[in-house]
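A.B. asks: Residue numbers (our numbering): 3 to 115.
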């Protein structure tokens, strides 16, 4: 299986489970933990995936993120957020709804596992 295909499958697995361990993903995809670390590094550059250390930790996907949903990019999101303060009433409400619906959820600071 190619790295691209494996990463896509990891993304969908995390989307479905919301949390998983490095060890379980390595076993599931029959690769080393180092390979999964590299995959998560790559995925976290584009998707709201992060890691937490300690008991109950692991690899997580941000609440609200759906892998099969279309999102606007960071530059588009920043533009809409800059415009928002200039709007009022119904226009501001509509802009907030657009941001809520189409902006990718923010992720916490990346932690190394």
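All residues carry an ideal CB built from backbone N, CA and C; glycine is no exception.
Thinking C-beta only, is residue 104 closer than 8 Å to residue 61?
C.D. replies: One-based indexing of the chain shown puts residue 61 at position 59. One-based indexing of the chain shown puts residue 104 at position 102. Not a contact, by the Cβ cut-off of 8 Å.
A.B. asks: Among 18, 19 and 38, which one has its Cα closest to the Cα of residue 27?
C.D. replies: Counted from its first residue, the chain shown places residue 27 at position 25. Minimum Cα distance to residue 27 is reached at 38.
A.B. asks: Buried or exposed: which applies to residue 43, given that a residue is buried once 16 or more other Cβ atoms fall within 10 Å of its Cβ?
C.D. replies: Taking the chain shown and counting its residues from 1, the one referred to as residue 43 is at position 41. So residue 43 counts as exposed.
A.B. asks: When you compare each of 34, 92 and 69 to residue 107 by their alpha carbons, which one comes out closest?
C.D. replies: What you label residue 107 is simply residue 105 of the chain shown in a count that begins at 1. Considering only alpha carbons, the answer is 69.
A.B. asks: Any idea which residues DSSP pairs residue 63 with across the strands?
C.D. replies: Here residue 63 refers to the residue found at position 61 of the chain shown. Residue 63 pairs with 51.
A.B. asks: Assign residue 81 to buried or exposed, taking buried as 16 or more other Cβ atoms, counted over all protein chains shown, within 10 Å of its Cβ.
C.D. replies: Sequence index remark: in the chain shown, residue 81 carries index 79 (1-based). Residue 81 should be labelled exposed.
A.B. asks: Helix or strand or just coil, what does DSSP make of residue 21?
C.D. replies: Counting from 1 along the chain shown, the entry for residue 21 is found at position 19. If DSSP states are grouped into helix, strand and coil, residue 21 belongs with the strands.
A.B. asks: Tell me, which residues are paired with residue 105 by DSSP?
C.D. replies: The count along the chain shown starts at 1 and reaches residue 105 at position 103. Residue 105 pairs with 74.
A.B. asks: Of all the options 99, 90 and 11, which has the alpha carbon lying nearest to the alpha carbon of residue 41?
C.D. replies: Your numbering for residue 41 matches position 39 in the chain shown. With distances taken between Cα atoms, residue 41 lies closest to 11.
A.B. asks: Measuring alpha carbon to alpha carbon, tell me which of 86, 19, 72 and 23 ends up nearest residue 56.
C.D. replies: On the chain shown, position 54 is the one that residue 56 refers to. Nearest option by C-alpha distance: 23.
A.B. asks: If you check the beta carbons only, do residue 87 and residue 67 fall under 8 Å apart?
C.D. replies: Within the chain shown, numbered from 1, the residue matching residue 87 stands at position 85. Within the chain shown, numbered from 1, the residue matching residue 67 stands at position 65. For residue 87 and residue 67, no; Cβs fall outside 8 Å.
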